[in-house]
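76 is the number that this note's numbering gives to position 51 of the sequence shown; each next residue is one higher, with no gaps.
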Amino acid sequence: MATPKKGCRYRVTLEELDADTPARLQFEFDNHDDIFAIVERLRGRDGDPVAAGEVPPFVLGLKLLGRTLMANRQHPLFADFFPRFADFMKALKKGA
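Shown next, in the form of structure tokens:
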């Protein structure tokens, strides 16, 4: 019997578009959530403060920031911010 999947693996590619020699940044990361499903859910909600076209970068930014905060929540730089971020995420999930 196969082991259930516990998350998703992603590759992000960022390319500079307005340069003679474009810079490119690429990295991979794991996340417990299906980010594509989250994007679609948020695009379909009415009353959210994020315009539909801004949803993908908003979701990706939150997931990457949240991942860093979780890994470093005891660090003095993040210690005060982490609880506020958690409250923000709860409010976002409720649709506030």
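Just so it is clear, CB atoms sit at the ideal spot from N, CA and C, and this is done for glycine as well.
On the premise that residue j lies in contact with residue i, defined as a C-beta separation below 8 Å, what is that separation, rounded to the nearest angstrom?
i, j, result
"R68", "A77", "5 Å"
"D73", "C33", "So it is not a contact: roughly 23 Å between Cβ atoms."
Thinking C-alpha only, which one of the options is nearest residue i?
i, options, result
"K115", "L42, L87 and V80", "L87"
"L94", "R70, R49, T38 and A111", "A111"
In angstroms with no decimal places, state the Cα-to-Cα distance between residue i and residue j.
i, j, result
"N41", "F52", "First, the amino acid is wrong: residue 41 is Glu here, not Asn. Their backbone Cα atoms lie some 15 Å apart in a straight line."
"E79", "K119", "19 Å"
"R70", "V84", "14 Å"
"N56", "L89", "9 Å"
DSSP has residue i in a bridge; who is on the other side?
i, result
"D73", "For D73, which the question treats as bridged, DSSP gives no partner whatsoever."
"L39", "L50"
"D55", "R34"
For residue i, verify whether its CB is less than 7 Å away from any heavy atom of the ligand FAD.
i, result
"P101", "Summarising the ligand content, the structure contains no ligands, and the ligand FAD is consequently not present."
Using a threshold of 8 Å, state whether the C-beta atoms of residue i and residue j are closer than that.
i, j, result
"F103", "N97", "yes"
"V64", "P47", "no"
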